[in-house]
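Residue numbers for the sequence shown follow the working numbering, beginning at 1 and rising by one.
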Amino acid sequence: MIRIAVASDNEMVTEHFGHCEGFILFDAEDNKIVKNETIENPGHRPGFLPNFIADHGANVIISGSMGGGAVDIFNQRNIEVIVGATGKARDAVEAYMKGSLKSTGSICHEHKHHDECGK
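Here is the structure:
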């Protein structure tokens, strides 16, 4: 089984990881979604959310973009980071499982420019 987390707003992939409404956790087996649950974003604090998602058992995180510090923490926790995704969260997960969703490397380098990445 694999657990794929998607940073989301209203079931859509959010533009910026740290500022999303919540995370949809999709559990998949044999490339099929068997369960999903939504957890509320407990708040954006540097370094907190990647560990929060990791502690919920995620193997993969999908988002529109993400700060470099978050990417580094996910990498340290052996969680695959997919950035540059758009559209419905479920569609992004299905595309990932088919191998057609690839990371664009859309990383925000400075939090002062967060408005350029989305919310």
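Every residue gets a Cβ at the ideal spot worked out from N, C-alpha and C, and that includes glycine.
Just so you know, these numbers come straight off a predicted model, no measurement behind them.
- Annotation: I39 to F74 spans about 18 Å, alpha carbon to alpha carbon.
- If you check the CB distance, I62 and A28 do not come in under 8 Å.
- For the pair M12 and G87, the CB atoms are nearer than the 8 Å cut-off.
- Scanning its chain for C-beta atoms nearer than 8 Å, with the 5 sequence neighbours on each side dropped, one finds around N10 the residues E21, in chain order.
- Under the three-state reduction of DSSP, A85 is assigned to coil, being neither helix nor strand.
- About 5 Å separates the Cβ atoms of S103 and I82, confirming a contact at the 8 Å cut-off.
- Each residue's CA atom was taken as its position, placing Y96 and A58 some 14 Å apart.
- Beta-bridge partners assigned by DSSP to N36: F26.
- Secondary structure remark: continuous beta strand (DSSP E) runs of at least 3 residues inside the region 54 to 81, in chain order: 60 to 63.
- By the neighbour-count definition (other C-beta atoms within 10 Å, threshold 16), V34 is an exposed residue.
- As computed with DSSP, R3 is found in a beta bridge with D27.
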